[in-house]
Every structure is written in C-alpha cells, then in structure tokens.
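In case it helps, the numbering used here puts the sequence shown at residues 71 to 322.
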Amino acid sequence: MAQAEAIPGPRRFGKTARPDAWWVPTLAVFLALSAFVVYATWAAFQGDHYEWGPYLSPFYSPLIDPHHRWWPFSPALLILIWPLGFRVTCYYYRKAYYRAFFLDPPACAVGESGKRRYKGETAFPFVLQNLHRYFLYVGFIFLIFLWRDAFRAFFFAGRMGVGVGTLILLFNVTLLTVYALSCHSLRHLLGGRLDCFSCAALGGPRYTGWRWLSVLNERHMLYAWISLITVGLTDFYVRLVASGAVRDLRLL
Ligand code: FES
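1. Pick helix, strand or coil for Y307, following the three-state DSSP scheme.
2. Does the distance between the C-beta of A294 and the nearest non-hydrogen atom of the ligand FES fall short of 7 Å?
3. Using the rule of at least 16 other Cβ atoms within 10 Å of the residue's Cβ for burial, across every protein chain shown, is S268 buried or exposed?
4. Look up P128 in the DSSP assignment and say whether it is helix, strand or coil.
5. With H, G and I counted as helix, E and B as strand and the rest as coil, what does DSSP make of F171?
6. Return yes when the C-beta of L251 is under 7 Å from any heavy atom of the ligand FES, and no when it is not.
7. Below 8 Å on the Cβ atoms is my contact criterion, and I expect Y130 with A146 to pass it. Report the Cβ-Cβ distance as a whole number of Å.
8. If I follow the unbroken alpha helix (DSSP H) through Y116, where does it start and stop?
9. Keeping to the same chain, check which residues put their C-beta closer than 7 Å to that of L264; ignore five residues upstream and five downstream.
10. Since I believe P136 is in contact with F215 (beta carbons under 8 Å), could you give me their beta-carbon distance rounded to a whole number of angstroms?
11. What is the rounded straight-line gap between the Cα of P142 and the Cα of E121?
In structure tokens form, the structure reads like this:
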C-alpha cells in the first residue's frame, strides 16, 4: 500500500533546500532601498538647491510656499507623503521590503520566523496597504505637475531651448508615467472583476486598454526600479546645477 507523504512542517528561520544564493537579491534590495531612503530623506529636509532656471526637482513638485509665508520647513515635506505612500503601498515594493527589511520571509521557500501568527494585510497597520488605489489616483495628479515641469524646462528666460536638464526632466516624467501605467491596481480597475468584456459597458475600449496595460504590467518591477533611480538622479542633477557644482549644458 502506498505511503502518504508527510507534509513538511514549518522551517526554522533561514532554513531552505534551495541550493542557489537566494540571499543576494534580498541583500541587493535592502542596500538599494536603504540608499534611496537616506538620500531622499536628506534631499527632502534640506530645503535648498531644488530649483534652477526652468528646472525643478521632482521631490519639490508642485512647489508650495517656497518663501515660507506659512510653512516654515522644506516645501518637499508638504507633498512627499503622496509619492511615498504610492511607492510604499505598491504591490511590488511590498514584496521587496517585506523580504529585505522584515525577512518575512527572507526569500521564496526560505524559512521565516514562526513565532508570529500570519494576519496578512487584514490588520493594522498593514491593512493600510489597501489604500494603494487612492495613492494611484493622487499620483496621476502629481504626474500632471511633473509633465508641466518638463514642458517648462524647454523655456530659458522666455526663449525656447534644450539643456541636459530638459532631457533629464523629460526622461524622468516619462518613466514615472510608465511606472504608474504598469500598476496592478490600474490594470484591475480596467479589466478586473470582468468575465466578459463584450458584455460590459464600454467593453471594447476597456479590453484594448487592459491589453496595453497588461504589456506594461509584465515589467512592473523593472519600471519600479528604473523610475526610482531616475527620480533620485533627477533631483541630484538639479541640485548640482542649482548649487553651482556643475553647469547645465545647453544643447539647443
Ligand atoms: Fe506598483 Fe501599483 S502595484 S504602483
């Protein structure tokens, strides 16, 4: 008579049968996110060198009360909660930082701490992750401002031109837009909970949109990383030019 296979019990923390270096991506994510958080926190609190000519750092856009009439701190602190909330609640980043910072679990098929009872995202504070959709809506408003900034970056003292900063701002907002369009929530909004597009109102356009978003969605992780790096580098470039450390090269 065939013997039933025993169901493996919970593994000890860090225990795995995986022969590969599973800890490398976890460590890389930890280092990369830590570096970004340290830089972004410094840049947001610094409150200076965020603007030069037609260039505005994306960390400070939209620029609110730059002359400190009623807000005594860095203008970035008035707005950063929204892009931050969008990234923190992003489905991809959740996976990344649950693994890299909470080691819960450290990687796929690697033992985690069995002391806590798993509640998923149904209890405070992680239930707040469900706000992601609303951060997405606000994120689109921010994108309008960032596209406006990229447009303004083509005008130097009233004359049209192109500098290195113009291209950087344009590249940055393009990537941020692609990242937002590849969002799982947005894809769900368009095509989720539908068994039959042709039976639904506006089914044809919804199906077309859902297919396009699905193409972007397949590479959501890639766009999440590239856009994170470019938004940091864009702030850094504006900062270098505004502080006089480098001169913006005019191309046209
Ligand atoms: Fe990542 Fe929405 S799931 S931005």
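For each residue, glycine too, the CB sits at the ideal point set by N, CA and C.
Straight from the coordinates:
1. Locating residue 307 in the sequence shown gives position 237, where the first residue counts as 1. Secondary structure at Y307: helix, using DSSP grouped into helix, strand and coil.
2. As a first step, residue 294 must be located in the sequence shown, where it is residue number 224. For the ligand FES, at least one heavy atom lies less than 7 Å from the Cβ of A294.
3. Translated into the one-based positions of the sequence shown, residue 268 becomes position 198. The residue is exposed, with fewer than 16 neighbouring Cβ atoms inside 10 Å.
4. Indexing the sequence shown from 1 puts residue 128 at position 58. Collapsing the DSSP output to three states places P128 in a helix.
5. Sequence index remark: in the sequence shown, residue 171 carries index 101 (1-based). In this structure, DSSP gives F171 a state outside helix and strand, which the three-state scheme calls coil.
6. Position 181 of the sequence shown, counted from the start, is the residue given in the question as residue 251. Every heavy atom of the ligand FES is 7 Å or more from the Cβ of L251, so no.
7. Counted from its first residue, the sequence shown places residue 130 at position 60. Counted from its first residue, the sequence shown places residue 146 at position 76. Sure, about 5 Å apart at Cβ, within 8 Å.
8. Here residue 116 is taken as the residue at index 46 of the sequence shown, counted from 1. The residue asked about is misnamed: residue 116 is Gln in this sequence, not Tyr. It spans 93-116 - the alpha helix (DSSP H) in which Q116 sits, taken as one unbroken run.
9. Within the sequence shown, the letter at position 194 stands for residue 264. Here the set comprises A270.
10. Here residue 215 refers to the residue found at position 145 when the sequence shown is read from its first residue. Here residue 136 refers to the residue found at position 66 when the sequence shown is read from its first residue. By a beta-carbon distance limit of 8 Å, F215 does not contact P136. Their separation comes to about 14 Å.
11. Within the sequence shown, residue 142 is the residue found at index 72, counting from 1. Within the sequence shown, residue 121 is the residue found at index 51, counting from 1. Between the C-alpha atoms of P142 and E121 there is a straight-line separation of about 18 Å.
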